[in-house]
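Following: one structure in structure tokens, then a few remarks.
Numbering (this note's numbering), first residue to last: 3 to 197.
Put into structure tokens, the structure is as follows:
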């Protein structure tokens, strides 16, 4: 995926600047039930669908100082109850990592996490589905807009993270009670290539 060189209000998901960047359609798949962290989750969800978001459109841009990842996906029209819609941009921490399990102890993944209604983004390290550690979120930004039944979210942080060479996505459908490891995740890494 090309990282467009742009200036302007890139932190705003509705900014006109994003119109200059072609989206890449990303197929998503549920994190496998057998790798969920507890027997309770595996039993409670064995007959339920989760990770229901089948695809998302992603764009990437940089103004030289910050990397901006814009993600768009169709919202489930059912109202949310206890859990909110959420999305993460995922980066490897040491060269690679297993997306299907949201990382592991040897190769954890770095997540820039946005959740509807949360006052700011979270900077998480994932050691597997539902096994997250919070890091300092200083320097991260996130904004989301729901319009015409679609979420548009921009996650941003220091441009240096693009040196890790790849990005992936995870989406949680809050109206389906999705949270922690119950997510739809990219099937493969997307290479990040500067324009």
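We treat Cβ as the ideally placed atom computed from N, Cα and C, and that holds for glycine.
Since we're looking at a predicted model, the values are computed, not measured.
- Per DSSP, the beta bridge partners of residue 128 are 111 and 134.
- Residue 159 is positioned such that its CB atom lies closer than 8 Å to that of residue 114.
- Taken in chain order, the complete beta strand (DSSP E) segments of 3 or more residues contained in the region 21 to 99 are 26 to 32, 57 to 64, 68 to 76 and 88 to 94.
- Out of 84, 95 and 43, the CA that lies nearest to the CA of residue 117 is found in 84.
- Beta-carbon to beta-carbon, residue 183 and residue 38 are separated by about 5 Å, close enough to satisfy the 8 Å threshold.
- Spanning the alpha carbons of residue 125 and residue 90 requires a straight line of approximately 10 Å.
- A direct Cα-to-Cα measurement between residue 137 and residue 149 gives close to 31 Å.
- Taking C-beta atoms under 8 Å as the contact rule, residue 155 and residue 23 fail to qualify, at a distance of about 15 Å.
- With respect to residue 27, residue 59 sits close: the two C-beta atoms are nearer than 8 Å.
- Taking the Cβ atoms as the reference, residue 171 lies roughly 20 Å from residue 196, outside the contact range of under 8 Å.
- In summary, residue 70 is buried, with 16 or more beta-carbon neighbours lying within 10 Å of its beta-carbon over all protein chains present.
- DSSP places residue 120 in the coil class of the three-state scheme, outside both helix and strand.
- Under DSSP, residue 195 shares a beta bridge with 4.
- Taking 8 Å as the upper bound for CB-CB distance, residue 99 and residue 111 are in contact here, some 5 Å apart.
- Where residue 168 is concerned, the enclosing beta strand (DSSP E) starts and stops at 168 to 174.
- Straight-line measurement puts the Cα of residue 10 at about 35 Å from the Cα of residue 32.
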